[in-house]
Amino acid sequence: MEPKNDYIALWKSFQEGDSKALGHLANHHYKVLFNYATKFTKDRELIKDCIQDLFLFLWDHREKLQSSPFVTIYLLKSLRNNLFKKLNQEKRNASDDLDIDLPFTEGISPESELIELEMFYENESKLKSLLTSLPKRQQEVIFLKFYEGLSIEEIAEVMDMNRQSVSNLLHRAILNLKSNWFLAAQLFYVLYLKA
Amino acid sequence: MLDYSQYTANEFALDASFRKWVLKNTPTESIFWENWLAQHPEKHETIQQAKAIIVALRNVQEEIGEEEIAAAIAKIVDVAEQRNIKKVNFWRNSFFQKISLAASVLLVTLLSYVVFEKLSEKETPTYSNSVAKIAQKTKFIEIKNTSSTSQLITLSDGSSVVLQADSKLSYPEKFTGNTREVVLSGEAFFEIAKNPNQPFFVYANEVVAKVLGTSFTIKAFEDEKQVQVFVKTGKVSVFSQKNVTLKEQQVSKVLTGLLVLPNQQATFIRPKWQFKRAELTAPQIIALPVIQSQSFIFKNKSVLEVFDILENAYGIKIEYDKTLMASCELTAELGDEPLAEKIKLICEVLEAKYEMKDGKIVIEGKGCN
Numbered sequence: 001m002e003p004k005n006d007y008i009a010l011w012k013s014f015q016e017g018d019s020k021a022l023g024h025l026a027n028h029h030y031k032v033l034f035n036y037a038t039k040f041t042k043d044r045e046l047i048k049d050c051i052q053d054l055f056l057f058l059w060d061h062r063e064k065l066q067s068s069p070f071v072t073i074y075l076l077k078s079l080r081n082n083l084f085k086k087l088n089q090e091k092r093n094a095s096d097d098l099d100i101d102l103p104f105t106e107g108i109s110p111e112s113e114l115i116e117l118e119m120f121y122e123n124e125s126k127l128k129s130l131l132t133s134l135p136k137r138q139q140e141v142i143f144l145k146f147y148e149g150l151s152i153e154e155i156a157e158v159m160d161m162n163r164q165s166v167s168n169l170l171h172r173a174i175l176n177l178k179s180n181w182f183l184a185a186q187l188f189y190v191l192y193l194k195a
Numbered sequence: 001m002l003d004y005s006q007y008t009a010n011e012f013a014l015d016a017s018f019r020k021w022v023l024k025n026t027p028t029e030s031i032f033w034e035n036w037l038a039q040h041p042e043k044h045e046t047i048q049q050a051k052a053i054i055v056a057l058r059n060v061q062e063e064i065g066e067e068e069i070a071a072a073i074a075k076i077v078d079v080a081e082q083r084n085i086k087k088v089n090f091w092r093n094s095f096f097q098k099i100s101l102a103a104s105v106l107l108v109t110l111l112s113y114v115v116f117e118k119l120s121e122k123e124t125p126t127y128s129n130s131v132a133k134i135a136q137k138t139k140f141i142e143i144k145n146t147s148s149t150s151q152l153i154t155l156s157d158g159s160s161v162v163l164q165a166d167s168k169l170s171y172p173e174k175f176t177g178n179t180r181e182v183v184l185s186g187e188a189f190f191e192i193a194k195n196p197n198q199p200f201f202v203y204a205n206e207v208v209a210k211v212l213g214t215s216f217t218i219k220a221f222e223d224e225k226q227v228q229v230f231v232k233t234g235k236v237s238v239f240s241q242k243n244v245t246l247k248e249q250q251v252s253k254v255l256t257g258l259l260v261l262p263n264q265q266a267t268f269i270r271p272k273w274q275f276k277r278a279e280l281t282a283p284q285i286i287a288l289p290v291i292q293s294q295s296f297i298f299k300n301k302s303v304l305e306v307f308d309i310l311e312n313a314y315g316i317k318i319e320y321d322k323t324l325m326a327s328c329e330l331t332a333e334l335g336d337e338p339l340a341e342k343i344k345l346i347c348e349v350l351e352a353k354y355e356m357k358d359g360k361i362v363i364e365g366k367g368c369n
């Protein structure tokens, strides 16, 4: 994280039309935007185009901007909207796995889902394949929470959902990961013993 | 402050502040957690475990390497530089230079305004002037869209106009003579019925757009500094109302002037009376009505979905028996035909009948097996 003053200076030069400042700001946010976009499409060039459009849009409008738009949540949200518009088709598919919002189990606070996550760090490649097998929106919520470290409120803002639905979605995503993990582990165990 | 001393590794991993520390190492969080850890040395292992969970979950979601990022950033900076107009130099001047420059710009503007007013004492080409001029010939209808949604207008030649909010369109009850002429103020998407013998003209503030049969959007709000034409299909020729060749243009059956092609836009800078032509950029497309980028090519698509797309694009209501039509699929490559034409083609395939009345379309068919 850069010191605040540097950031303000960068933002100021950006607004004055310094393309290097644009480069620095874009560099600061590029990775998270790209990784986030892969939750919606595998088309890398399309993702790059969308991110480029987003930064150039800010560049073109830099003089009208009142405050810095280089805020991760704002950028994620804009990119998400742009991608959805471009992927009209895909959006329809995504709504297929719009999991129905189950009523939230009472008594469990959203931040303390008592789910064992320990197993996850032991085998990254297995974890990766499990993650990609989740419905798109569950992948998205896992990304926002564990890659970008956003809070439930912030995720709700990006995904345009209410807090409760985000909690439910996250809860289901982690449960899904966990149950699949056990399945995979059991399968492995059985195969290993029989071999 | 939360009591973290009873937390398990899972609970730490799910804690927003803890994640922020591990992932971002933000100053507030790192001070807090380093202190906390110093006070709770017994939690060292739990914390390590929680960190490992978060790091694993982050690592498996890395999809792009530093080199690829650097290349993408270089491209962004490159394009940005090309777009960077001379503004940079201007702002780098001293305050004094800015003041004197501003003063002289003001003076020149004032002078030229006075001179311009004298020279062109005649009418400026506003919406009402254009209507007054053109409506002399035949009876005109004016539609004002004061709602917040778009409104479909079907012209007497079958052309569709999707009029956006806060916009108005004047058009003759019937097109007669050698030309088809309408006047727009605001924003609208046009799909013009093909008729090379009767060119179609849109008067939008100072700009005239001439087409033979295509689809495009015009943005011409009275209080904006520019008039924009965005082409979806076909060719649109644009020129200003002051253009000396306007008269010739009106008779000519070919397209001359500044030609705008699909995925291009022409911007007319009103104070300068100047056109600029450029490729359409993605943010612009996003800002335009859905129909500008909506494809009407359908492959084995459910009719319900097709009607959905049409309703959405044209802002109209299509009434039909959903259960009867649910099994129907459509494969069709539709393009810039006006809506009525599209509906006609679809109904031919479905062997259905249709009727257009007061802003909605009623379709009656037998369904499919």
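Residue numbers (the UniProt record's numbering), protein chains in the order written: chain A, 1 to 195; chain B, 1 to 369. All C-beta atoms in this analysis are idealised placements derived from N, C-alpha and C, irrespective of residue type, glycine included. All values reported here derive from a predicted model rather than from experimental measurement.
In this structure, B:K225 places its C-beta atom within 8 Å of the C-beta atom of B:R270. Interface with chain A (8 Å Cβ-Cβ cutoff): B:K366 is excluded.
B:S130 is classed as buried because its beta carbon has at least 16 other beta carbons within 10 Å across all chains shown. For A:A26, the chain B residues whose Cβ falls inside 7 Å of its Cβ are I73, I76, in order along the chain.
Think of a sphere of 8 Å around the beta carbon of A:Q52: the chain B residues whose beta carbon falls inside it are A72, K75, I76, V79, in chain order.
Remark: C-beta atoms of B:P172 and B:F140 approach each other more closely than 8 Å.
For B:S295, no beta strand (DSSP E) encloses it, and the DSSP letter there is neither H nor E.
Within chain B, the residues L23, L57, R58, Q61 have their CB atoms less than 8 Å from the CB of A:Y147, given in chain order.
Within chain A, no C-beta atom comes nearer than 7 Å to that of B:I31; the closest sits roughly 13 Å away. Bounds of the beta strand (DSSP E) holding B:L169 are 167 to 172. The beta carbon of A:C50 lies closer than 8 Å to those of A37, L79, N82, L83, K86 in the same chain, with the five residues before and after it left out. In the assembly as shown, B:W273 is an exposed residue. Its beta-carbon has fewer than 16 other beta-carbons within 10 Å.
For B:T323, the three-state secondary structure derived from DSSP is helix. Per the Cβ contact rule, the segment 158 to 165 of chain B is in contact with the segment 182 to 193 of chain B (3 or more Cβ pairs under 8 Å).
Using a CB distance below 7 Å, no part of the segment 325 to 346 of chain B faces chain A.
Around the Cβ of B:P289, a 10 Å sphere holds 16 or more other Cβ atoms; the residue is buried. Under a criterion of Cβ atoms nearer than 9 Å, the residues of chain B adjacent to A:N82 are, in order, A282, P283, I286.
DSSP, read as helix, strand or coil, puts A:S165 in helix. A straight line joining the alpha-carbon of B:G158 with that of B:E341 spans about 8 Å.
Closer than 9 Å at the C-beta level to chain A, one finds no residue of the UniProt domain "FecR protein" (148 to 236) of chain B. Among the CB atoms of chain B, one or more fall inside 8 Å of the CB of A:S19. Residues L10 of the same chain have their beta carbon placed closer than 8 Å to that of A:H24, with the five preceding and five following residues left out of the count. Of B:S295, B:L324, B:K322, B:M325, the smallest CA-CA separation from B:A332 is found for B:S295. Beta bridge pairing from DSSP links B:F275 with B:F268. The residue among B:E29, B:K75, B:N10, B:W33 with its C-alpha nearest the C-alpha of B:A52 is B:N10. Taking the Cα positions, A:L46 is about 29 Å away from A:Y7. Around the C-beta of B:I291, 16 or more other C-beta atoms lie within 10 Å, and the residue is accordingly described as buried. If you draw a straight line from the Cα of B:T26 to the Cα of B:E45, it comes to about 22 Å. In this structure, A:A173 lies near A:L134, with their beta-carbon atoms less than 8 Å apart. Under DSSP, B:N145 shares a beta bridge with B:S167. Its Cα nearest to that of A:Q15, the residue A:R62 stands out among A:H28, A:G149, A:R62. Three or more beta-carbon pairs separated by less than 8 Å link the segment 233 to 241 of chain B to the segment 211 to 222 of chain B, which places the two stretches in contact.
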